[in-house]
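Chains as they are written, first to last, in the UniProt record's numbering: chain A, 1 to 742; chain B, 1 to 742.
We put the CB at the ideal spot given by N, CA and C, even for glycine.
Since the structure is predicted, the reported quantities are computational estimates derived from the model, not experimental observations.
Protein chains: 2
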Amino acid sequence: MDLASFITSVLTSFVIFVVLVLLFTWLSRRPGNAMVYYPSLLLRGLDPWEGRRRGSRSPVGWISDAISASETDVVAAGGVDAAVYLVFLSSGTPISDEHSTIISIDLLPFAVAVLSILVYSGIILLPVLLPVAGTDNALEGAAGFSPIEKLALGNVQKKSARLWAFLLSVYWVSFVTYFVLWKSYKHVSNLRATARSTPEIKPEEFAVLVRDLPRPSPDETIKDSVDSYFRALHPNTFYRSVVVTDHTKADKIYQEIEGHKQKIARAEVVYANSKTESNPEGIKPTHRTGLLGLIGKKVDTIEYCSEQIKELLPKLEAEQKTTLREKQQRAAIVIFNSRSAAASASQTLHAQVFDKWTVMEAPEPRQIIWPNLPRKIYERQIRQAVVYTIVFLIVCFYIIPITAISAVTTLENLREKLPFLKVVVDQKEIKTVLEAYLPQLALILFLAFLPALLMFLSKAEGIPSQSHLVRAASGKYFYFIVFNVFIGYTLGATLFKSLTTVINHPTGIVNMLAKSLPGSATFFLTFVALKFFVGYGLELSRLVPLIIFHLKRKYLCKTEDEVKAAWAPGDLRYNTRVPNDMLIATVVLCYSVIAPLIIPFGVAYFALGWLVAKNQVLRVYVPSYESNGRMWPHMHTRIIAALLLYQTTMLGVIGLKVFLYAPILVPLIPMSFIFAHVTHMRFYPAFDKTPLEVAQHELKEAPNMDAIYTAYIPQCLKPDKLEDLDVFEDAQSHTTSRAPSI
Amino acid sequence: MDLASFITSVLTSFVIFVVLVLLFTWLSRRPGNAMVYYPSLLLRGLDPWEGRRRGSRSPVGWISDAISASETDVVAAGGVDAAVYLVFLSSGTPISDEHSTIISIDLLPFAVAVLSILVYSGIILLPVLLPVAGTDNALEGAAGFSPIEKLALGNVQKKSARLWAFLLSVYWVSFVTYFVLWKSYKHVSNLRATARSTPEIKPEEFAVLVRDLPRPSPDETIKDSVDSYFRALHPNTFYRSVVVTDHTKADKIYQEIEGHKQKIARAEVVYANSKTESNPEGIKPTHRTGLLGLIGKKVDTIEYCSEQIKELLPKLEAEQKTTLREKQQRAAIVIFNSRSAAASASQTLHAQVFDKWTVMEAPEPRQIIWPNLPRKIYERQIRQAVVYTIVFLIVCFYIIPITAISAVTTLENLREKLPFLKVVVDQKEIKTVLEAYLPQLALILFLAFLPALLMFLSKAEGIPSQSHLVRAASGKYFYFIVFNVFIGYTLGATLFKSLTTVINHPTGIVNMLAKSLPGSATFFLTFVALKFFVGYGLELSRLVPLIIFHLKRKYLCKTEDEVKAAWAPGDLRYNTRVPNDMLIATVVLCYSVIAPLIIPFGVAYFALGWLVAKNQVLRVYVPSYESNGRMWPHMHTRIIAALLLYQTTMLGVIGLKVFLYAPILVPLIPMSFIFAHVTHMRFYPAFDKTPLEVAQHELKEAPNMDAIYTAYIPQCLKPDKLEDLDVFEDAQSHTTSRAPSI
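Take a look at the structure:
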C-alpha cells in the first residue's frame with residue numbers, strides 16, 4: 001500500500017467519524033431521543049438534562065462529562081464489571097481516588113492498562129526508534145516503498161548496531177507491560193474487595209450453590225436430604241435451601257398468562273384510542289385464535305384473554321405443586337444466615353468423595369442458568385472436552401466448509417436449482433452485485449453468527465451463570481480473531497500451504513511470522529484507524545438502535561411497557577467487545593517495535609474507546625449482571641498471551657536481521673511466564689473465592705432472610721405472599737421438616 | 001546370560017534366603033533378642049510370647065500370624081500409613097473386612113494393588129503368551145539363546161499374527177491396573193476417612209497452620225496480631241494460638257540440661273555397680289571436662305553435673321522469656337474449639353491478597369519441622385524451583401562428577417599425594433583388592449548417601465512436616481532409580497552417546513528402549529530374584545540391628561533408658577522403601593508382556609514383601625508420625641507413571657516387529673491420562689483437605705483444650721504445670737489479651 005492510498009483510507013475513516021460524532025451531538029440533544037441516548041440515566045430515575053453539568057448541552061459536553069466522572073460513578077451506573085472494563089481499556093487509579101469533577105485530561109498519561117502500556121511505550125519508542133530507522137537506508141534502491149516503511153524496522157540494515165535500539169525497546173515494552181499489569185491487578189483487586197464489602201445486602205453473598213447431590217433414600221425427597229445434610233454439617237448457620245426444579249412446564253404456563261396480560265393491556269389502549277368523537281363507543285379489538293392470528297375464529301381480545309387467564313391460573317397452581325414435589329433436580333441453592341458462613345462453606349470440601357455434594361459460590365439470582373445446574377460433574381467434564389474440541393476445529397478449519405459452501409452456491413448453481421430466481425438473477429445490474437458479494441456471503445453470515453454460536457457452545461458446557469458464560473465465550477472469540485485475523489492475515493495462504501512444515505518444526509511458524517509481519521504493517525495501521533474511527537463513531541451515534549426505536553414506537557408499540565421494551569439498551573456485551581479490543585492490543589503490541597508509528601493510532605483507539613465506553617456506561621447500557629470484576633483475570637492472562645506472541649515474533653524478526661545478540665531476548669519469554677504465575681498466585685484466589693476478611697464486613701441492617709430466600713425462587717414458582725413461604729417449603733418434602741425460624 | 005548361570009544365580013539367592021529365614025526363626029525365639037524382633041509389641045506393653053497364638057513358637061508361626069492379622073491390627077500397630085503401604089504392596093479389602101484369625105491364604109488372589117495387578121495379569125498372560133512364544137521359531141539358528149529367551153516375545157517372527165496375543169495382553173494388563181488402582185484408591189480413601197473420624201482426640205484436628213503473617217503494627221507483638229485477626233474472623237470458634245518462635249538457643253540449653261541428667265543417671269548406675277563386697281564404698285565416677293572427656297580437669301561426674309544443671313536452669317528460664325517475647329516468627333498454629341471449625345478454616349481463603357495469612361491443615365505436633373514454618377511464600381517457591389533443578393541435574397548427570405572423582409582417585413594418584421599410604425598400598429594383596437573396588441568407591445558412597453541427600457534437599461524446600469518431607473524425598477528417589485537403574489541399565493552407554501539425537505527426536509528414545517528391552521530380560525529376572533531373596537532375608541532376620549544391639553548392650557549401655565535407645569526400632573523409612581518397590585513394579589510391568597516369566601518372580605517379590613512388611617509392622621517398627629495415608633496418591637500416580645512407560649515401550653517393541661496393527665495400542669496412552677485425571681479429581685481432594693463430613697464425627701469426650709494447646713508448645717518452652725499456661729500466654733503479648741476461657 002502506498003502513502004497516498006493509506007492517507008486516503010485514514011482520511012475517509014476520519015471524515016465518517018466526524019460526521020457520526022456531529023450526528024450524535026445533534027441527535028442526542030433532541031428530547032425525543034433521550035430513550036436512545038440516556039436510557040441508563042432514565043432507568044435510574046435521573047433527568048438527562050436537569051441537574052447535569054454545564055457542559056452537557058455544549059457539543060463536547062459528553063467528553064468532559066465522561067472524563068470527569070469518577071470510578072464510583074461508573075460503579076454506580078454500570079457495576080464493577082464496567083469499571084474493570086474501563087481499567088482494561090485505559091484508566092483507573094488516579095481518577096477513582098479523587099472523586100474529582102475537574103477535567104483531568106492531564107491525568108490520562110498516568111492511566112493504566114492497555115492505554116498506559118501504549119503511552120509509556122510510545123514515550124520512549126517514538127523519539128528513539130523513528131530517527132534510528134529513518135536515517136538508515138536498507139530500503140534504498142528498492143522500488144515502491146512508502147515513507148511509512150522508511151520509518152520502520154524494515155529500513156535498518158542487516159547486522160547493523162542500530163538493532164540494539166530495537167532489541168532494548170522490546171525489553172522496555174515488556175517491563176512497561178509487567179508494571180502496568182501489576183498495578184492494574186492490584187487496583188482491580190481492591191475494587192472488587194470494596195464492592196464485595198459494601199453494607200448492602202446481596203442474596204448471593206448468603207448462598208452457596210450445591211451440585212452433584214447424591215440420590216436420596218426412597219422415603220425422602222431431594223429437598224429433605226439437602227436440608228438434613230446441611231443442618232448436620234452447619235448446625236448454627238444453615239438457614240434454608242432452594243432445590244432446583246425442572247420448572248419448564250410451569251414457566252410455559254406462567255409466560256402464557258403474562259402474554260395474555262400484555263395482550264389485554266395492549267387491547268385496552270387500542271380500545272381507548274378508538275373512542276374518537278365520531279365513534280364514542282370505540283371498536284373492541286379482536287384477533288383470530290389460529291396461527292399467528294391469521295386464521296381461526298375471530299374473538300374479542302379482552303374477553304378472550306381474561307377467560308384464558310382464568311383457565312390457566314388453577315393449571316399453574318397445580319403445575320407449581322407437581323414441580324415442587326416431583327420435579328426436584330439434583331442441585332440446590334443453600335442459604336446461610338451470615339455472609340462469612342456462606343463464604344466459608346463455599347470453600348470447604350463437604351464429602352469424602354469429590355463427585356458428591358460439590359459446592360461453589362452461588363451466582364446472582366438474575367444470572368443463574370437453571371437448566372445447567374443439575375448437570376453431573378462427569379457430564380460437565382465431557383461436555384467441556386467436546387466443546388473445546390469443536391471450538392478448536394472451528395478456530396483452525398472454519399475456512400474449509402465456508403469455502404466449500406461458497407463454491408457450491410455460485411450464481412449459476414442457484415439459477416439451476418432454484419429456477420424462480422431466474423427473473424431476478426438475469427437482470428444485469430443485480431447479477432453484477434450478486435456476483436461480487438455472493439462468494440463472501442457465507443463468510444459474512446458465519447462471522448455475524450459466530451458470537452452467538454460461541455455463546456451457545458459455552459452454554460452447552462454446563463456453566464451455571466451468565467457472567468461465567470460471557471467469560472467463556474469471550475475467550476473462545478479471542479482465540480478465533482487473533483488466530484484468524486492477525487496470524488491468518490499476516491501469514492495468508494503460506495500458512496495453510498506449508499501446514500506440514502509447521503507441524504514438524506513448530507519453530508518454523510515463528511520464522512514465517514517474522515518474515516511476514518513487517519510487510520503487513522501498513523495494512524494494520526489502516527485497520528486500527530478504520531476500527532476506531534468508524535467503529536466508535538457508530539457506537540457513539542447509536543444510529544441503528546435509534547432507527548429501530550423510532551420505527552417500533554411509530555408502528556408497533558401501544559402501551560408504555562412496550563415503549564420501554566423498545567428502548568431497552570441491553571448491556572455492554574463483553575463477549576465480543578473485549579476480544580475485539582484485545583485484537584487491537586495484540587496488533588499494536590506486535591507492531592510497536594517493527595513500525596512504531598502504529599503506537600499513536602493505538603493510543604488514539606484506546607483513549608477514544610475509553611471515552612466512548614465511559615459515556616455509554618454512564619448514560620446508555622444497563623448491566624444485566626454483576627460479577628464484581630471476575631473478567632479481569634481473563635483480560636490479564638490474554639494481555640500476557642499477546643505479550644508472549646509479541647516477544648516470540650520479535651525474537652524471529654530481529655533474528656532475521658542476522659543480529660548476533662538477538663538471543664538476548666530469549667529470557668523475556670520465561671520471565672513472562674513467571675510474571676503470569678506470580679500474579680496468578682498472588683491475586684487470583686481473591687477472584688476465585690471470597691476471602692473471609694471481605695465477607696466479615698458489617699451490614700447496613702439485619703438481613704431479611706425471607707427476602708434472600710425468595711430471591712432464589714424462580715418467578716413462575718414464587719408464592720404470592722411471603723407468609724406462604726412455609727407452605728412452599730412443605731410442598732417440597734415428605735416430612736414436615738421446617739427450618740427453625742431465626 | 002545363559003540358563004546355567006541364571007539358575008545358579010537364582011539358586012544362590014534362594015539358599016541365602018533360606019539360611020537367613022532359618023537364622024531368623026532360631027534367633028527370634030531366644031528371649032534375649034525380643035527387643036530386636038518384637039520392639040513394637042514391647043513398646044505397646046504386649047508380651048511377645050504369652051497370649052500369642054499357637055503358631056508363634058512354630059518355625060512358620062510368624063507367617064500365619066502375619067497373614068491372619070487384620071487391617072485393624074495393622075492400623076493399631078503401625079498407623080494408617082503402614083496399612084496403606086501394605087495395600088500398595090498387595091492386600092487390603094478382603095482381610096480388613098473380616099477381622100478373621102483364620103489363615104486366609106486363599107484370599108490372597110483377591111488382594112489388590114501391585115500384587116493383584118501381577119496376579120490378575122499372570123492368570124491370563126502366562127498360559128496364553130508362553131505357548132504362543134514358545135512354539136514360534138524366530139530365534140532358531142541364532143547362537144547362544146537360553147530357553148528363557150525362547151519363551152519370550154523375542155522368539156516371535158516379525159509380522160506374525162501371534163503378535164495379536166501380545167498386543168491384547170497389553171490391553172489386559174492396562175485394564176487390570178485401572179481396575180485394581182480404582183478399587184485400592186477407594187479402599188484407602190475409606191481407610192483414611194475411618195481413621196480421621198475416630199472418637200480419639202487428636203490435637204492436629206483442632207489446629208490450623210498459618211504462614212506468611214504480615215508485619216504487625218509497632219505497638220503489638222506477632223502473637224497479638226494473630227489473636228486479634230483470628231478472633232475477629234472466627235469469633236465463636238477461635239481458641240488460642242501458638243506463635244512459632246526461634247527457640248534454637250532455648251533448645252540448646254534444654255538439651256544441655258537433659259544431657260547432664262543422663263550423665264548423672266549413668267554415673268549413679270556405675271557408682272552402684274562399683275560397690276562390690278571388696279569395696280563397699282565404691283568408686284565415684286569421674287570424667288574430664290575438656291574435649292571429648294579426654295583432656296581438662298578431672299571432676300566427680302554426679303556433683304559436677306548437678307551443679308551445671310543448677311546453673312543452667314535460671315538461664316533456661318530467662319531464655320524462655322526472651323524467646324517468647326522477642327523471638328516470635330511470622331508463622332503460627334491457630335487452635336479452634338471444634339474439629340469442623342478447624343477443617344473449615346484450613347480450607348478458607350482468609351486475606352484478599354494471597355501472600356498473606358495463608359492457611360493449611362496443621363501437621364501433628366511430633367512431625368512439625370519448626371525452622372521451615374516461618375519461610376515466606378515467595379522464598380518457598382524459589383527454594384522449590386532451585387531444589388527441583390538440582391535434583392534434575394543429579395538424576396540426569398550424577399554419573400559425570402562420580403566418574404571424574406574415580407578417575408582422579410586412582411591408586412597411583414593416592415600413593416603420590418598421600419605418601420603415608422605407601423606402606424599399605426604397596427602390599428600386593430591389598431593392592432589387588434583396592435584396585436578392584438576403588439573405582440566404584442565414589443559411586444558406592446554416593447548411592448549410600450543419596451537418600452539422606454534427597455531428604456536434605458527436600459527439607460530445604462521449606463516443607464512444614466516430616467511426612468510431607470518423606471513423600472517429597474521418596475518422589476525424587478523414585479525418579480532417580482527408575483531413570484538410572486531401569487532406563488540407564490537397559491540403554492546403557494548408547495543413551496549418553498546419542499544424547500543429541502534424543503533431544504532432537506524425543507520419539508527416538510522409545511525406539512531405543514524398545515530395541516534394548518528384550519535383551520535385558522534375563523538380567524532383570526535375576527535382579528528381581530536377588531532383590532527379594534537377599535533383601536527380604538536380611539530385612540526379616542535383622543542381623544545388623546541384632547549385632548549392633550548386643551554390642552551396645554554389652555559395652556556401652558548402663559541405664560535402662562540407654563538400653564531402650566539401643567533397641568529403638570525406628571520407622572519403616574518409606575522414603576527408600578516405596579521407591580525401591582516401585583522400581584520392581586516398573587520393571588515387572590514393563591517386562592510382563594515381553595518376557596511373561598518375570599511375572600511369577602514379581603508375584604513372589606510382592607507376596608513375600610507383603611508378608612515380611614506386615615510382620616515387621618506388627619512386631620518391629622514404630623511409626624514416628626501418622627499422615628493418614630497421604631502417601632497413597634503419590635504411589636497411585638507413580639504406578640500410573642510406570643504404566644505409561646510400559647505402554648509407550650510396548651508400542652515401540654511391537655512396532656519393531658513390523659506389526660501393522662501396533663498403532664491399536666496408541667489409545668491406551670490418553671486413556672491412562674484420563675484415568676489419572678478422573679481418579680485425581682474424584683479421590684484426591686479428600687487427601688488434600690478434610691471433608692466436613694469426616695470432621696463432624698462425635699468425640700469420645702469433651703476435648704481438653706489446654707492439652708491440645710500444650711501439645712503444640714515445643715518441649716524446651718513448655719511450662720511445668722498446666723496452670724502456668726496463662727502466664728505463658730501473657731509472656732508473648734504487649735497487652736494482656738487473654739483468650740476467653742471455654
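With its beta carbon at least 8 Å from every one in chain A, residue 289/B lies outside the interface. Per DSSP, reduced to three states, the secondary structure at residue 44/B is coil, with no helix or strand assignment. Put simply, the segment 73–92 of chain A touches the segment 576–584 of chain A. At least three CB pairs are less than 8 Å apart. The beta-carbon of residue 348/A is placed less than 8 Å from the nearest beta-carbon of chain B. Taking a C-beta distance under 8 Å as the contact criterion, residue 121/A and residue 164/A do not qualify as a contact pair. Contact check for residue 540/B and residue 20/B: beta-carbon distance about 7 Å, within the 8 Å limit, so the pair qualifies. Using beta-carbon distances, residue 682/A counts as an interface residue toward chain B, with a partner under 8 Å. Residues 302, 305 of the same chain have their beta carbon placed closer than 6 Å to that of residue 264/A, with the five preceding and five following residues left out of the count. Distances from the CA of residue 209/B to each of 241/B, 601/B, 531/B were compared; the closest alpha carbon is that of 241/B. Of the other Cβ atoms in all chains shown, fewer than 16 fall within 10 Å of the Cβ of residue 366/B; this residue is therefore exposed.
Distances from the alpha-carbon of residue 180/B to those of 644/B, 689/B, 639/B put 639/B closest. Residues of the segment 351–376 of chain A that bring their beta carbon within less than 7 Å of a beta carbon in chain B comprise 351, 352, 353, 354, 355, in sequence order. Around residue 193/B, the beta-carbon contacts reaching into chain A at under 9 Å are 352. As the crow flies, the alpha-carbon of residue 193/B is around 9 Å from that of residue 693/B. A Cβ-Cβ separation of about 15 Å leaves residue 252/B out of contact with residue 309/B under the 8 Å criterion.
For residue 565/A, no Cβ of chain B is located within less than 8 Å of the residue's own Cβ.
A Cβ-Cβ contact shorter than 8 Å links residue 599/A with residue 125/A.
For residue 298/B, no alpha helix (DSSP H) segment is defined; the enclosing uninterrupted segment is the beta strand (DSSP E) at 298–300. Judged by pairs of C-beta atoms under 8 Å, the segment 372–390 of chain A does not touch the segment 630–648 of chain A, as fewer than three such pairs exist.
Note: residue 332/B is bridge-paired with 210/B, 243/B in the DSSP secondary-structure output. By the neighbour-count criterion, in which a residue is buried when 16 or more other Cβ atoms sit within 10 angstroms of its Cβ, residue 372/A is buried.
In the three-state scheme derived from DSSP, where H, G and I count as helix and E and B as strand, residue 593/A is classed as coil. Residue pairing for residue 359/A: DSSP places it in a beta bridge opposite 210/A. In this structure, the CA atom of residue 712/A is about 59 Å from the CA atom of residue 487/B. Look at residue 465/A here: in three-state DSSP terms it is strand.
Judged by beta-carbon spacing, residue 335/A lies beyond the 8 Å limit of residue 700/A, meaning their Cβ atoms are not closer than that value. Look at residue 217/A: its C-beta is not under 8 Å from any C-beta on chain B. Residue 286/B sits in a strand when the DSSP states are folded into three classes.
Under DSSP, the beta-bridge partners assigned to residue 238/A are 336/A.
Taking 8 Å as the CB threshold, residue 233/A lines the interface with chain B. Neighbours of residue 694/A in chain B, taken as residues whose beta carbon is under 8 Å from its own, are 352 in chain order. No Cβ-Cβ contact shorter than 8 Å links residue 465/A with residue 575/A.
Judged by pairs of C-beta atoms under 8 Å, the segment 611–630 of chain B touches the segment 66–85 of chain B, as three or more such pairs exist. For the pair residue 650/B and residue 170/B, the CB atoms are nearer than the 8 Å cut-off. Counting along the chain, residue 189/A sits inside the alpha helix (DSSP H) bounded by residues 163–196.
Taking C-alpha positions only, residue 387/A is separated from residue 592/B by approximately 39 Å.
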